[in-house]
Amino acid sequence: MENRFFYLSILSILIIFPFTFSSAQYNGNNTCISVNYSYTNTSKLFLNPNSPDEILRAQSLPLDDIFSYSAELRYRVSEPFILGLRIEYIKKTITHKDDQIPVIDVTFGYRLIPVELSVYYFLPFSTENFKFFMGGGIGVYFGDNIKDIGDVHSIEMERKFAYGIQVEVGMDYMIWKNFSARFQMRFRDPEFEIESKYSSDTVNYNGKTYFLSNSPFITKTNIDGITFTLGIAYNFNI
1 MENRFFYLSI LSILIIFPFT FSSAQYNGNN TCISVNYSYT NTSKLFLNPN
51 SPDEILRAQS LPLDDIFSYS AELRYRVSEP FILGLRIEYI KKTITHKDDQ
101 IPVIDVTFGY RLIPVELSVY YFLPFSTENF KFFMGGGIGV YFGDNIKDIG
151 DVHSIEMERK FAYGIQVEVG MDYMIWKNFS ARFQMRFRDP EFEIESKYSS
201 DTVNYNGKTY FLSNSPFITK TNIDGITFTL GIAYNFNI
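Quick note on this note's numbering: the sequence shown kicks off at 1 and runs consecutively.
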């Protein structure tokens, strides 16, 4: 996808950027643990990603304004390099009409757990209290599809492996001793496909019974928005 060319360009800049840092930028600490709250502005859910019809294949439901929680461990492995390992939990649903039973509201959505490994460095103009950084890395994504029709739910049958890259910029502000507030912006573009089927071939709604297809169906999720993060970090030495 076109966004990935942008990400690769940023990662190239990160690799060739001159590492002119001083140990004072770390305030003597080499380890950091943070808890974070994030907002992502857009994502898409494709209901017919493998359809031979190009129009159906391109149709998607917008799932916007996504909030998530994450935790991250960072460790300074050398003077210029900091490694970060982040795990996040994302869940987003919307209510929408389904073509199969248009009289019933259907809950569509996804759950996603990104596990991302990043490399960071502090920018040279960082100060004792303001730590500006850039970074980038890779991620693997574990997720499942949500499609609920009344008391009938989707059951995962097969999940394709999903991976991606991300680039990020941010700032830590030292607020008190070893504690800092984190402000971060991240660009990523993960997508994953899941094959599911309904937990039952009938659903009861307002005293009526409706029949559902028992054939498996495939959905694709693409989280292509910008993620803004606020966090609290504890910095220490090991």
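All residues carry an ideal CB built from backbone N, CA and C; glycine is no exception.
Best match in Ile226, Ile238, Glu72, Asn50 for proximity to asparagine 41 [C-alpha to C-alpha]: Here residue 41 refers to the residue found at position 41 of the sequence shown. Cα-wise, what sits closest to asparagine 41 is Ile226.
Asparagine 29 vs asparagine 178 beta-carbon contact at 8 Å: Along the sequence shown, read from residue 1 onward, the residue named residue 29 stands at position 29. Along the sequence shown, read from residue 1 onward, the residue named residue 178 stands at position 178. Cβ distance < 8 Å, so asparagine 29 and asparagine 178 count as in contact.
Expressed to the nearest angstrom, what Euclidean distance is found between the alpha-carbon atoms of serine 60 and phenylalanine 46? Translated into the one-based positions of the sequence shown, residue 60 becomes position 60. Translated into the one-based positions of the sequence shown, residue 46 becomes position 46. Distance from the CA of serine 60 to the CA of phenylalanine 46, rounded to the nearest whole angstrom, comes to 4 Å.
Local conformation of isoleucine 55 per DSSP, three classes: The count along the sequence shown starts at 1 and reaches residue 55 at position 55. Correct three-state label for isoleucine 55: helix.
Those runs of the alpha helix (DSSP H) which lie wholly inside the stretch 73–107 and span at least 4 residues: none
Suppose you measure from the CA of asparagine 48 to the CA of aspartate 105; what does that come to, to the nearest Å? In the sequence shown, the residue the question calls residue 48 occupies position 48. In the sequence shown, the residue the question calls residue 105 occupies position 105. Spanning the two alpha carbons is a distance of roughly 19 Å.
Enumerate in chain order the residues of its own chain whose CB-to-CB distance from arginine 159 is below 6 Å, with the five nearest sequence positions on each side excluded. Start at 1 with the first residue of the sequence shown, and residue 159 comes out as number 159. Within the same chain, arginine 159 has close Cβ partners Ile194.
I want to know whether the stretch 90–103 touches the stretch 125–139 - three or more CB-CB distances under 8 Å. no
Can you name the residues that DSSP bridges to proline 190? For this step, residue 190 is matched to residue 190 along the sequence shown. DSSP lists no beta-bridge partner residue for proline 190.
Straight-line CA distance for arginine 188 to glutamine 166? Taking the sequence shown and counting its residues from 1, one reaches residue 188 at position 188. Taking the sequence shown and counting its residues from 1, one reaches residue 166 at position 166. Going from the Cα of arginine 188 to the Cα of glutamine 166 covers about 4 Å.
Taking aspartate 148 as the reference, give the member of Ala162, Thr202, Tyr163 with the closest Cα. Within the sequence shown, residue 148 is the residue found at index 148, counting from 1. Comparing Cα positions, the closest option is Thr202.
Nearest candidate by alpha-carbon position, reference leucine 85, set Ser215, Asn235, Ala71, Val169: One-based indexing of the sequence shown puts residue 85 at position 85. Comparing C-alpha distances from leucine 85 to each of Ser215, Asn235, Ala71, Val169 shows the shortest one belongs to Ala71.
Provide the residue span of the beta strand (DSSP E) that contains aspartate 144, from first to last. As a position in the sequence shown, residue 144 is number 144, starting the count at 1. Run containing aspartate 144: 130–149, per the beta strand (DSSP E) assignment.
Taking the straight line between their C-alpha atoms, what separation do you get for glycine 139 and leucine 117? Your numbering for residue 139 matches position 139 in the sequence shown. Your numbering for residue 117 matches position 117 in the sequence shown. Our two residues, glycine 139 and leucine 117, have alpha carbons roughly 6 Å apart in a direct line.
Just how far apart, CA to CA, sit aspartate 64 and glycine 109? As a working note, residue 64 is residue 64 in the sequence shown. As a working note, residue 109 is residue 109 in the sequence shown. The C-alpha of aspartate 64 lies about 11 Å from the C-alpha of glycine 109.
Cβ neighbours of lysine 197 in the same chain (closer than 8 Å, five flanking residues each side left out): By one-based count along the sequence shown, residue 197 stands at place 197. Closer than 8 Å at the Cβ level, and outside the excluded window around lysine 197, lie Ser154, Ile155, Met157, Asn214, Ser215, Pro216, Phe217.
Cβ pair isoleucine 146, arginine 182 closer than 8 Å: Translated into positions along the sequence shown, residue 146 becomes position 146. Translated into positions along the sequence shown, residue 182 becomes position 182. In this structure, arginine 182 does not lie closer than 8 Å to isoleucine 146 by Cβ.
Can you tell me the Cα-Cα spacing of tyrosine 210 and threonine 107, whole angstroms? In the sequence shown, the residue the question calls residue 210 occupies position 210. In the sequence shown, the residue the question calls residue 107 occupies position 107. Taking the straight line from one Cα to the other gives about 16 Å.
With DSSP as the reference, please indicate the residues paired to lysine 220 in a beta bridge. The count along the sequence shown starts at 1 and reaches residue 220 at position 220. Beta-bridge analysis with DSSP links lysine 220 to Phe46, Glu193.
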